[in-house]
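Q: Note that our numbering has the sequence shown beginning at 94, numbered continuously upward.
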Amino acid sequence: MHRSPFSGRNYEYYSEDPLLTGALARAMVDGGASCGMVNMLKHFCVYDQETSRREHLCTWATEQAVREIYARPFEMVVKSSSRRAVPALDVSTGEQAQTKVNVPLSIMSCYSFLGNTWGGGREDLQTGLLRDEWGFDGVVLSDFNVDDYYMDHDQGIAAGTDLMLATAAMGTVDDPRSAYTLNNLHRSVHRYLYVVVNSNAMNGILPTVRVTYS
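(1) On the three-state DSSP scale, how would you describe ASN103?
(2) Would the region 152–162 count as touching the region 114–134 if we require 3 or more Cβ pairs under 8 Å?
(3) By Cβ distance below 7 Å, which residues in the same chain neighbour PRO166 in space, the five residues on each side in sequence not counted?
(4) Assuming MET201 contacts LEU134 under a Cβ cut-off of 8 Å, what Cβ separation, rounded to an integer in Å, is found between them?
(5) With distances taken from CA atoms, which of MET130, THR274, TYR204 is nearest SER145?
(6) Between TYR140 and THR301, what straight-line distance do the alpha-carbon atoms span, to the nearest angstrom?
(7) Put SER199 into one of helix, strand or coil per three-state DSSP.
(8) What did DSSP end up calling ARG96 once you bin it into helix, strand or coil?
(9) Roughly how many whole angstroms lie between the Cα atoms of ASP217 and ARG303?
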């Protein structure tokens with residue numbers, strides 16, 4: 094996975110071997126999830142070079158290379174990590190029950206381009222492979238959107254990148270009144286709230302609690 098020993102992200106990744114990386118990441122995710130932690134796997138995927146990343150760095154690879162090397166650790170974690178029991182409300186009886194959720198619940202998309210499309214804006218990656226094929230049902234966050242000119246919000250949300258790691262000054266969707274945009278935002282908010290309610294952020298909140306706004 095480390096295309097060069099000088100690659101700028103090598104220090105963040107467990108190993109140059111995809112199977113070893115996947116095994117280590119899976120153990121880390123399972124351990125964190127057992128305590129209600131939301132693990133953020135990054136960077137999905139084919140990203141290890143810092144040089145020229147802000148100058149439209151394009152990485153070219155065949156689908157076979159992506160699947161067998163760079164996406165393999167993420168696939169191992171998404172498909173094989175444990176299901177965590179969380180408190181739930183049995184709507185038929187009103188009693189507290191237990192349900193199972195898949196982990197991990199969060200993944201960060203990559204900074205660079207895969208081919209000529211920003212990785213977080215690739216629907217075939219963030220939705221087709223990750224969600225439709227592997228069954229991931231959590232939330233996808235972009236890398237830090239310091240360069241708003243290419244991490245396009247509308248493109249990312251439409252492709253399956255639900256959140257933009259950015260400040261309010263870094264822009265927003267182009268047309269918040271568009272039915273298409275609103276549908277994509279609704280889907281992303283749904284995923285985000287699903288992650289929150291299945292994390293330890295809900296510790297101490299009982300199923301009978303009702304939240305009101307004033």
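Just so you know, even glycine gets a beta-carbon here, dropped at the ideal spot from N, CA and C.
A: Straight from the coordinates:
(1) helix
(2) no
(3) PRO111, THR114, GLY115, ALA118
(4) 7 Å
(5) TYR204
(6) 44 Å
(7) strand
(8) coil
(9) 39 Å
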